[in-house]
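Numbering (my numbering), first residue to last: 3 to 203.
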């Protein structure tokens, strides 16, 4: 991932120099499930996000960039049962855009945030570390009526592994989210698809 990472680092520095708030990188993550056992799984998810991100940085390091990025990495974790319990992705977009609970993490080309929902948190016990990534500028729309076209469509969100967090950030440093989320024929298909960005870069 970091083989050509000087491009992303230069872009990051440009943004950071214009606003001290940008002297960090990462994503805001919303928790929307608060059922039995979810507190422990949420804590484990946040720890795993940091662990997997650092592992990816180390494995693909170039010119000691990992040492620069690690200290300023942050998952802005939002957990508030009274506010976020069982919210849809569309409502979460409004929460993000309205800065409810404070400013979210700095945006790059697209205002993307992460979501840990019931499925994400329940899957942790099976060793699956998967969250949803959502573009706040494009609240997911209902597929009504069901599309008859067989061409793949972009829905404004997708599913990704925690290890892909630095890949997503790198991608968003130069491109919008249309290049970062899976395209599928039907929106429901996204529940069975994982973003394929990996160290093939």
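Glycine residues also receive a C-beta, built at the ideal position from the N, C-alpha and C atoms. Being a predicted model, the structure only gives us computed values, none of them experimental.
inquiry  = Count Cβ pairs between the segment 56-69 and the segment 104-118 that sit closer than 8 Å; are there 3 or more?
reply    = no
inquiry  = Suppose contacts are defined by Cβ-Cβ distances below 8 Å. Is residue 170 in contact with residue 54 by that definition?
reply    = no
ask   = Applying the criterion that 16 or more other CB atoms from any shown protein chain within 10 Å of the CB defines a buried residue, is residue 166 buried or exposed?
value = buried
ask   = Are the segment 97-110 and the segment 121-131 touching, with three or more C-beta to C-beta distances below 8 Å?
value = no
ask   = If you draw a straight line from the C-alpha of residue 156 to the C-alpha of residue 182, how long is it?
value = 10 Å
message = When you compare the segment 172-181 with the segment 141-149, are there three or more beta-carbon pairs, one atom per stretch, that lie closer than 8 Å?
response = no
query = Is the Cβ-Cβ distance between residue 33 and residue 81 less than 8 Å?
reply = yes
message = According to DSSP, is residue 94 part of a helix, a strand, or is it coil?
response = helix
ask   = Between the C-alpha atoms of residue 135 and residue 31, what's the straight-line distance to the nearest angstrom?
value = 9 Å
message = Quick check on residue 23: buried or exposed, where buried means 16 or more other Cβ atoms within 10 Å of its Cβ?
response = Caution applies to residue 23, whose pLDDT of 44 falls short of 50 and renders its modelled position unreliable; the value that the coordinates give is listed next. Its Cβ having fewer than 16 others within 10 Å, residue 23 is exposed.
query = For residue 137, is the classification buried or exposed, using 16 other Cβ atoms within 10 angstroms of its Cβ as the cut-off for buried?
reply = buried
key: Spatially closest choice to residue 126 from 197, 179, 48, 192, by CA coordinates   = 48
query = Going by the beta-carbon positions, is the gap between residue 1 and residue 51 smaller than 8 Å?
reply = Residue 1 falls outside the range modelled here, since the chain spans only 3 to 203, and no answer is possible.
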